[in-house]
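J.: Numbering (the numbering used here), first residue to last: 5 to 286.
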Amino acid sequence: MASNVLLLRAPTQGQDDRYESTFIEAGCHAISVPVLETVSTNLLDLKTIITAGPAAAGFEGVVITSARACEAWKSVVGELVGSVEAAVDTWSTTPFYVVGPGTASALASIQETYEHTPYTPYIVRGESSGTSERLARFICSQPQSDVPKKVLYLTGDKNKDTVPTILGEAGIKVIPLKVYETRGSQTFESDLEGVLKGVSNDVKPWWIVHFAPSAAGFVTPILKKHFTFSDSGPQSARIAAIGPVTASFLRDELNIPVDVVSPSPTPQDLLAVVAAYDAAAV
């Protein structure tokens, strides 16, 4: 098969991207273009909480379910270490509950960078949980003396209510604070135009691969400036979706025809359905 494949996602950093390499090995020109970007928010509120210390608000634990939330904490610690503001209390004896090894590693980087500060997390629990639900149940299942009565929960803008619901049912008060949010990349359109200029004389057909409903809603108006989703034309494109949820959103909400749906989010399964479609169309 010989197609141009536009992957609407950020490529893997520091190593070969599995989606790109899988399609390139199959004879395609594949390139990833980041669609979303993550930005910090409410860092001033977080700074106030960290400076005051856990006792000020009665926090007996901090719940973190993403590395991005760890980065927000680290950013504030960096500001405080370089400032004249004095800590009222220390966080070094407060348990930080994390969902997995990636989150635990992100907290460990704070320890490595800002060792021996009152803002640095040292007690890390729950990293083998794997999911938010299991983490919440882990917190509740600790010995009674270790179960926190009140926790600070650092979130993004798309967190489900799993953690607050389970902890709340166990009598644990949860104070959420959104410290990051995801939005459409401000450079997506210019990045896309750069990709298209690089293949302006290429007559191979296009495949556009959607990975998430939120990203699809953002990029569709921009894609329509450069592609048509019909059967013919120099810039006509076929549409692939990763999973049925994204496919349904494209069809039902955006009125975009979906040509293939990958049965699972793997490069091999995506390539298989695209290759099968192309073979049948010959």
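Every residue, glycine too, gets a C-beta built ideally from N, C-alpha and C.
(1) Considering only C-alpha positions, which residue in the set G106, D165, L50 is nearest to V81?
(2) Go ahead and pull the three-state DSSP assignment for R13.
(3) Are the beta-carbon atoms belonging to L156 and V85 less than 7 Å from one another?
(4) Hey, how far is the Cα of K182 from the Cα of G188?
(5) Under a three-way DSSP split, which group does W77 fall into?
(6) Tell me which same chain residues have a C-beta within less than 8 Å of the C-beta of F192, skipping the five on either side of it?
(7) Would you tell me roughly how many angstroms separate the C-alpha atoms of S287 and L139, rounded to the nearest one?
(8) For T250, does the count of other Cβ atoms within 10 angstroms reach 16, so buried, or fall short, so exposed?
(9) Sorted by chain position, which residues of the same chain lie with C-beta nearer than 7 Å to A110's C-beta, five sequence neighbours on each side aside?
(10) In the structure shown, what three-state DSSP assignment does A244 receive?
(11) If distances are taken between C-alpha atoms only, which option among P209, D161, G104 comes closest to T186?
(12) Taking the alpha-carbon positions, what's the V178 to L171 distance?
(13) Count the other CB atoms within 10 Å of the CB of S113; is the residue buried (16 or more) or exposed (fewer)?
(14) Within 10 angstroms of its Cβ, does E257 collect 16 or more other Cβ (buried), or is it exposed?
(15) By Cβ distance below 8 Å, which residues in the same chain neighbour E64 in space, the five residues on each side in sequence not counted?
(16) Three-state secondary structure (DSSP) at Y281?
(17) Which whole-angstrom value describes the C-beta separation of E131 and G104, a residue pair presumed to lie in contact below a C-beta threshold of 8 Å?
(18) Would you kindly check if the distance between the Cβ of P261 and the Cβ of F233 is under 7 Å?
(19) Can you tell me the Cβ-Cβ gap for W211 and V9, rounded? I've got them flagged as a contact below 8 Å.
(20) Evaluate A283 with the Cβ neighbour count: other Cβ atoms within 10 Å of its Cβ, from every protein chain shown; 16 or more gives buried, anything less gives exposed.
(21) When the Cα of V289 is compared with those of Y281, I246, Q272, which residue comes out closest?
(22) Kindly list the residues whose CB is nearer than 8 Å to the CB of C144, restricted to its own chain and excluding five residues on each side of it in sequence; keep chain order.
(23) Give me the residue from P15, I35, S25 with the minimum Cα distance to V203.
T.: Checking against the coordinates, here is how it stands:
(1) L50
(2) coil
(3) no
(4) 18 Å
(5) helix
(6) V37, P38, V39, F222, V223, I226
(7) Summary: the structure shown does not reach residue 287, with the chain confined to residues 5 through 286, and so no result is reported for it.
(8) buried
(9) A71, C74, E75
(10) strand
(11) D161
(12) 7 Å
(13) exposed
(14) exposed
(15) P58, T98, P99, P152, K153, K154, V155
(16) helix
(17) 6 Å
(18) yes
(19) 5 Å
(20) exposed
(21) Since the displayed the chain opens at 5 and closes at 286, residue 289 lies outside it and no answer follows.
(22) V151, I170, L171, A174, I176
(23) I35
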